[in-house]
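Engineer: Residue numbers (the working numbering): 99 to 263. Just so you know, even glycine gets a beta-carbon here, dropped at the ideal spot from N, CA and C.
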């Protein structure tokens, strides 16, 4: 007598499959946002140090795009918080000081560029606090900063020794 074998391969419920897909999307989206933020932190020293308005304008656009994507992700997670710590408020106060300096500026155009630069720095700071959630993430951001600094130092040494044109 042959007994029928029970089907040990049970199908996963549709809810579990949906949760797995959402988890995978969340992981990939978090990784993509982290990489975009790392690029924003890594590349500025290589573009003439962002001293010229044309270069920093491109940086403003890229920062705004990443900022928008991070807000879309926050809204998707139903996280509507903006400023959490006293340091967030201090950095925002720095931007507000630049905004106030616009009103009595001798050179309003330069004051506006200074305000935009300070606002951009705040946005990058805020994005790091939103994307990086643990100590390991902060270590990775610091490694990106170290790699960028080492690259700039190597270019400087090569230029000083005559190997770079």
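1) Look at the alpha carbon of residue 179 and the alpha carbon of residue 231, and state the distance between them as a whole number of angstroms.
2) I want to know whether the region 209-222 touches the region 146-164 - three or more CB-CB distances under 8 Å.
3) Can residue 200 and residue 210 be called in contact, C-beta distance under 8 Å?
4) From residue 185 to residue 235, what distance separates their C-alpha atoms?
5) Could you check which residue in 172, 248, 195 has the C-alpha nearest to that of residue 227?
6) In angstroms with no decimal places, state the Cα-to-Cα distance between residue 121 and residue 136.
7) In the DSSP assignment, the alpha helix (DSSP H) including residue 203 goes from what residue to what residue?
8) So what's residue 254 in DSSP terms, helix, strand or just coil?
9) If we count the other Cβ atoms within 10 Å of its Cβ and call it buried at 16 or more, is residue 204 buried or exposed?
Structural biologist: Reading it off the structure:
1) Their backbone Cα atoms lie some 14 Å apart in a straight line.
2) yes
3) yes
4) 19 Å
5) 172
6) 22 Å
7) Unbroken run through residue 203: none, as it is neither H nor E.
8) Here residue 254 sits in helix by DSSP.
9) Counting every other CB atom within 10 Å of its CB across the protein chains shown gives residue 204 a total below 16, marking it as exposed.
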